[in-house]
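For the sequence shown, full-length UniProt numbering gives the first residue as 1, with consecutive numbering after it.
We put the CB at the ideal spot given by N, CA and C, even for glycine.
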Amino acid sequence: METELKKKNTLRKIPNDPILIVEDKQENSILLESLCDELGVKHEVASNGEEALKRIEDKKYSLFILDLMMPVMDGGAFLTKLKEIYPNAVVLVQTAIDRNEKIIEIMKLGVFDYILKPIYPDIFLKVLQKALNYCYLKNMEENLAKIEDQKLRNQLEWLTYKETIRKSDSESFEKNSIHSLKTSLSQGSGIGAMTSLLDMIDSVKIQEENFYKVDKEILDLLLTNNRITKNMLLGLEKLLDLIDQNFEFSSISTKYILEKVKELPESLNSFLMSKRVSVTLPIFKKEYKLNVNLPLLYLAMEELFLNSFKYCSPNSQIDIFTNVNQSYFCITFKNRMIEKPYGGIPEKFEQLVIQPFFRIYPPVENVSHLEKFGLGLGLTAVDHIVRKHHGLFFIHNANDHTSEDVSLCVLAEIFIPLI
């Protein structure tokens, strides 16, 4: 049973903590338990509000399914006390009353949704899955907020250190950049592959009068790599323009930015399907204003989404989250990593990966034609775009605790100041 639950939890967005069913009638609680089992959700039962309060003293629950009419302590009294202890508790209320004014009154108590009695399994399962998805995203955002707080505190120290290094060790920095460029040019498709192909052509060519005869497959590879090389050079030109140009910024709602985020998977749909990767898009109800250049910001988000796809595990998901942290609007891209051969981005490389031409891993060939910036310049471009917005950019490893098996993931985070 435990193995089966773990399998279901991996496939669905299900929190680790159990659900607490607060229901006095045994026949109803048995039905609710069986429906929870169908979704693979851990659950416990309390027969009234007083018993439920005792349970939350010792244990954490992801979600509460609450009957309003109960003896000892009814659902309304329990809900009031629950919200005093856990203001953000996610609650589903069962009620037999379908009058609009009563439903509005119930929703004002701070519940996530309501379920009309008698319970219809199909409707209940849809409402429960929606609530579980919300709990999963809320839990992930809380974990991200803790990580982001630490990253923001460390940023000032890093900027001071970086300026010291720039002044005292510029020769070493230039040397490292040249070494990184050499590595980028020699890896994967592009210039490195072209030199190898030209050597191959030179060794197998057959002279016929004033012409050389060359295998078509080799020449096709050379032409393909020529196109990739042109794209790399175009990326260099784009990055230089990006660094030098003064862009215009305007006040834009976060709601509109979220609409643009939803467009990100479109260009990668076929690749996502072939790798069996799903995408979780953000849910963000509040609205704020940011001073941004939207095409420029979208370019940075495209680069981070592509980067997440390139190095994510097959049969996994890419999660995109948004939240507000210390007067910044944060957009986070999260992907699970295969620890071998990839190990994500170890702490010692967190600042190096945004330097020009630096790569930890070789390029991913099947999407190299989609890259706006080759040669290991993608994250450098993102960093410059974010700094143009007076923001912050981080990319680093984290442990994903949202499923029962803790796994390695990479978080790429953009922080843009609120107006």
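For the pair A381 and E259, the CB atoms are not nearer than the 9 Å cut-off. With a contact defined as Cβ atoms closer than 8 Å, I354 and F415 miss out at about 14 Å. As computed with DSSP, Q207 is found in a beta bridge with Y212. The beta carbon of T95 sits closer than 7 Å to the beta carbons of L68, I106, Y114, L116, K117 from its chain, once the five residues preceding and following it are set aside; these are given in chain order. As summarised for the UniProt domain "Response regulatory" (18-132), the continuous alpha helix (DSSP H) elements at least 4 residues long and confined to that stretch are 26-39, 49-58, 75-85, 100-107, given in chain order. Distance from the CA atom of L236 to the CA atom of L299, rounded to whole angstroms, is 15 Å. Ranked by how close their Cα comes to the Cα of R55, the residues L20, M70, S29 have L20 in first place. Between the alpha carbons of K275 and S267 lies a distance of about 14 Å. Here the alpha carbons of G110 and H396 stand approximately 36 Å from one another. T280 places its beta carbon 9 Å or farther from that of F329. Collapsing the DSSP output to three states places I419 in coil. Secondary structure note for V382: its alpha helix (DSSP H) is the uninterrupted segment 378-388. Cβ neighbours of I345 within its own chain (closer than 8 Å, five residues either side excluded): V353, I360, I395, H396, N397, V410. F333 counts as buried, since no fewer than 16 other beta carbons sit within 10 angstroms of its beta carbon. In this structure S327 is in contact with P417, their Cβ atoms being roughly 6 Å apart against a cut-off of 8 Å. Excluding its 5 nearest sequence neighbours in each direction, V364 has C-beta neighbours in its own chain below 7 Å: K310, listed in chain order. Contact annotation: F358 and G376 have beta-carbon atoms nearer than 9 Å.
Within 10 angstroms of the beta-carbon of R227 lie fewer than 16 other beta-carbons, which makes it exposed.
When the beta-carbon positions are compared, K372 and F247 stay at least 9 Å from each other. Here E413 is bridged, per DSSP, to T332, F394.
Here the alpha carbons of L63 and L92 stand approximately 8 Å from one another. Each of F112, D58, L39 was checked against the Cα of L66, and the nearest Cα belongs to F112. Looking at the DSSP output, Q245 sits in no beta bridge, so it has no partner there. Short of 7 Å from the beta carbon of P71, and not among the five residues preceding or following it, lie these beta carbons of its own chain, in chain order: D24, N48. Apart from the 5 residues on each side of it in sequence, I85 sits with its Cβ closer than 8 Å to the Cβ of I56 in its chain, given in chain order.
Under the 10 Å beta carbon count, D383 is surrounded by 16 or more other beta carbons and is classified as buried. Going by beta carbons, N307 and V277 fall outside the 9 Å limit.
With a cutoff of 9 Å on beta-carbon distance, N335 and C312 are scored as near each other. Minimum Cα-Cα distance from E347 among the listed residues E51, N399, N323 corresponds to N399. Secondary structure at V279: strand, using DSSP grouped into helix, strand and coil.
Straight-line spacing of the CA atoms in L198 and N366 works out to 22 Å. Inter-residue distance for K83 and P362 is about 51 Å (C-alpha atoms, whole angstroms).
At least 9 Å separates the beta-carbon of L137 from that of C36. N399 is bridged by DSSP to L408. F321: member of the beta strand (DSSP E) spanning 317-325, first to last residue. Assigned with DSSP and collapsed to three states, N139 falls in helix.
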